[in-house]
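The sequence shown maps to residues 1 to 542 in my numbering.
Don't be surprised by glycine CBs; every beta carbon is placed ideally from N, CA and C.
These numbers were taken from a predicted model, which means no experiment stands behind them.
Comments concern the structure below.
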Amino acid sequence: MVLPRGRGLPHRPRGLGGDRRRHRDLPRSGPDRHRQRAKGRVPRRRSRRAMRPKRRPNRARPLACLLLSTAGSCTISDGSSGPSGVSVERIGGGGTGENVLIVIADDLGVDQVEAYGLYPGQPPTPTISTLAADGVRFERAYAFPTCSPSRAALMTGRLPNRVGIGGWIEPPDDYFDLPLAEVTIPEMLDQGQLHTYTSALFGKWHLATHRYPDYGHHALDQGFDWWQGSPENLGGALHQDPNGGKNNYYHWEKSTNGVLAHTEHYATTDTVDDALAKIPTMPEPWFVVVSFNAPHIPLHLPPAHLHTQNIPLDDCALDSQACWRAMVEALDTELGRLLQGLDPALLDRTTTIFTADNGTSGDWIVPPFRSSRGKGTLFDGGVRVPLIVTGPHVSDPGSVSDAFANLVDLFPTVAELAGVDLTTVRPVPGAPVIHIDGRSLVDVIEDPSLETTPYQFSQKFAPNGPTDQLLQERTMARSSTHKLIRITGDRPELYRYVDGAIDEGDDLLGPAGPPTPEDLSAYRQLDRLLDTIVASASYEGP
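Written out as structure tokens, the structure reads:
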């Protein structure tokens, strides 16, 4: 993650919403679109970008440069070193153009993943363990406390306060979509000069509201060539079960390239079926996101062949924890079917990234972890997520990296893999280049002993939209030794990491205190850091 440089391009005014669909006279997706594009007859989706206002120049230094008051100065244009002693921004431009597959689990913290070995008795996840054995496992990877901010950060490489999404997009009243002015990963790949990428999304999106003019088409409007999956959480869809029940994993609303329809195909299986049907037909190189709804609620009992849990009378009300474990296991089973169903030679030339959007919900956290510190909080239980990378850049299979990583880092990571020079990526021709808050992780994937930045940042705010209208904001910064949490209208909280402990411990500014001089020094450092981030990574929309 790199320090925000300040204000940039305002998002496209909402009054231009009617122009969002101008590209629809072109083939939306599918083999015809790919064949025509390969022959040069179908341009990439750029018509709506011409409507975007130009960005104001970004002049502030990256976050890593301003992290510590004693860090001194640094620049980023040449990938030079920040205070962590490593490149603060890897520009890209030399990638081989390999395939990239990102797999996202929903509400899956590291406490539920066997490969992280945090406690015995986790749900069986042998597929994820195999990925860890074949790849690099990041020990300190962070997201944001809820779904939509994490997905926006992953897709744009930008912090939530910059894009205006600080909480999950909640139907039916939320009004703020991921603005079309934001450049997403598939749109960034469209601007690459070395390779022509095709893209597809399978599964959950959750970056548009019910008020968006074409709710089921938003992911396509944000650059994906192909999309099959749920626009949001299964239970909150715009159209509910026509038989009168509430949507769930067996009855849910699905978008197939913008066409909404009700389906009764088990959602976790459906996502993999669609991916296996489509990926082998996609021209290479491709960028694919497989975004599972699982193990997010609604709580349910998955098909018996997908799990090994023993649920009394097949009734989740009698053992909700076992049903949750079954949902996690079913996700892992279907992920295994996906990877086994693809040509091994294809996977050999594919970088596969497995992660999650946030931590585990407190309802499913079991001791020794604290259920009060799960999803929705800025504790590690809410924002520390699995991150495992396999593929041709892994030099030491089964290795573990202690480098800090964040979901915003995946955007520049994909850019480097694809050979896209981020110093040339613009929302519209002639506009300033986009500001990216992440930094590429390719160097760490190749050498897990390397460090990235000396801190991590996360936040949560409400409502979504311009950040000068916030009613509440929670921010977190952590170093290798301490974490500071600030909450609007409340006192700050300071925590110290202790080797061997499973979480941050207790608040040093509360009964667990008093803080030591070293604690107070860390507090001042992190407090200045949060001031800098909040001031520099401000909202860039209308």
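In the DSSP assignment, what are the bridge partners of residue i?
i      : result
Gln228 : Phe202 and Thr256
Val290 : Val103 and Phe202
Ser458 : Met476
Phe404 : Arg140
Phe354 : Val103 and Ile388
His239 : DSSP output for His239 lists no bridge partner at all.
Ser320 : Answer is none; Ser320 lacks a bridge partner.
Ala261 : Lys254
Asn248 : His251
Ser399 : Val136
Whose C-beta lies closer than 6 Å to the C-beta of residue i among residues of the same chain, with five residues either side of it excluded?
i      : result
Arg24  : Only weak support exists for where Arg24 lies, its pLDDT of 31 falling under 50; the coordinates are left without a value.
Trp364 : Trp324
Leu526 : Ala477 and Leu484
Ala276 : The sequence as given places Leu at residue 276; Ala does not occur at that position. Only Gly341 meet the Cβ criterion.
Gly95  : Glu416, Leu417, Ala418 and Gly419
Leu410 : Leu154
Gly135 : Ile388, Val389, Thr390 and Val394
Arg426 : Val433
Thr467 : Asn161 and Tyr539
His307 : Ala326, Glu329 and Ala330
Tell me which residues share the same chain as residue i and place their Cβ nearer than 7 Å to its Cβ, disregarding the 5 neighbours each side in the sequence.
i      : result
Ala153 : Phe144, Leu159, Pro160, Leu407 and Val408
Cys316 : Leu299, His300, Leu301 and Cys323
Gln112 : Gln122, Pro123, Val328 and Thr360
Gly442 : The residue you asked about is not Gly; residue 442 is Val in the sequence shown. So the list reads Arg90, His393, Thr413, Glu416 and Leu417, once near-sequence residues are dropped.
Thr75  : Any reading at Thr75 must be qualified, since the residue scores a pLDDT of 33, below 50, and its modelled position is unreliable; the value itself is stated next. Around Thr75: no qualifying Cβ.
Ala522 : Ser479, Thr481 and His482
Asp380 : Asp503 and Glu504
Gly157 : Val408, Phe411, Pro412, Ile436, Asp437 and Gly438
Leu331 : Ala105, Thr268, Phe292, Ala294 and Pro295
Glu446 : His393 and Ser395
Ala133 : Pro397 and Gly398
Arg151 : His206, Leu207 and Asp357
Gln472 : Phe461, Ala462 and Thr488
In terms of residue numbering, what span does the beta strand (DSSP E) encompassing residue i cover?
i      : result
Thr475 : Gln472 to Arg478
Phe411 : Careful: Phe411 lies outside any beta strand (DSSP E), inside the alpha helix (DSSP H) at Leu410 to Ala418.
Ala537 : Ala537 -> no beta strand (DSSP E), and no H or E assigned at all.
His482 : His482 to Ile487
Compute every distance between the C-beta of residue i and the non-hydrogen atoms of the ligand MN, then say whether any falls below 7 Å.
i      : result
Leu194 : Of the ligands one can find in the structure shown there are none, so the ligand MN has no counterpart to examine.
Report, in whole angstroms, the separation of the C-beta atoms of residue i and residue j, which I expect to be a contact under 8 Å.
i      : j      : result
His195 : Gly121 : Between Gly121 and His195 the Cβ distance is about 45 Å, and since that is not below 8 Å, they are no contact.
Gly546 : Leu201 : With the chain running from 1 to 542 in the structure shown, residue 546 is simply not present.
Phe176 : Gly164 : 6 Å
Gln222 : Leu178 : 7 Å
His251 : Glu232 : That belief does not hold up - the Cβ atoms of His251 and Glu232 are roughly 15 Å apart, past 8 Å.
Gln459 : Arg474 : 7 Å
Leu564 : Pro515 : Here the chain comprises residues numbered 1 to 542, so residue 564 is not present and cannot be evaluated.
Leu450 : Phe461 : Contact flag wrong, Cβ pair sits at about 32 Å.
Arg140 : Val400 : Not confirmed; about 10 Å, so no contact.
Gly109 : Val385 : 6 Å
Residue i lies in the alpha helix (DSSP H); which residues open and close that run?
i      : result
Arg496 : Looking at the DSSP string, Arg496 is not in any alpha helix (DSSP H); the run it does join, the beta strand (DSSP E), is Glu493 to Arg496.
Arg151 : Cys147 to Thr156
Trp168 : Neither: Trp168 is in no alpha helix (DSSP H) and is coded neither H nor E.
Asn161 : Pro160 to Val163
Ala132 : Pro126 to Asp134
His393 : Run containing His393: none; DSSP gives neither H nor E here.
Pro463 : Looking at the DSSP string, Pro463 is not in any alpha helix (DSSP H), and its letter there is neither H nor E.
Pro186 : Ile185 to Asp190
Asp274 : Ala267 to Lys278
Glu114 : First-last for Glu114: undefined, no H or E at that position.
His547 : With the chain covering 1 to 542 only, the question about residue 547 has no answer from this structure.
Ile445 : Val442 to Glu446
Asp348 : Pro344 to Asp348
Gly362 : Note, Gly362: premise wrong, no alpha helix (DSSP H); not H, not E.
Val383 : Asp380 to Val383
Taking only beta-carbon atoms, is residue i less than 8 Å away from chain C?
i      : result
His300 : No chain C appears in the structure shown, which is made up of a single protein chain.
Once you ignore the five residues that flank residue i on each side, which residues in its own chain have a CB closer than 8 Å to its CB?
i      : result
Glu114 : Gln122, Pro123, Pro124, Thr125, Pro126, Ile128 and Ser129
Asp106 : Cys147, Lys204, Ser291, Phe292, Asn293, Ala294, Pro295, His296, Ala356 and Asp357
Whether or not the region 243-251 and the region 202-222 are in contact is what I'm after, with contact meaning three or more pairs of Cβ atoms, one per stretch, closer than 8 Å; do they touch? By the Cβ rule, the region 202-222 does not count as touching the region 243-251, because fewer than three pairs are nearer than 8 Å.
Under 8 Å, with one C-beta from each stretch per pair, do the region 366-379 and the region 135-150 reach the 3-pair mark? With the rule of 3 Cβ pairs closer than 8 Å, the region 366-379 counts as touching the region 135-150.
Would the region 423-439 and the region 385-404 be scored as touching if the rule is three or more Cβ pairs under 8 Å? Contact fails: fewer than three Cβ-Cβ distances are below 8 Å.
For the region 281-295 against the region 101-110, do three or more pairs of beta-carbon atoms, one drawn from each stretch, fall closer than 8 Å, so that the two count as touching? Taking 8 Å as the limit for Cβ pairs, the verdict is that the region 101-110 does touch the region 281-295.
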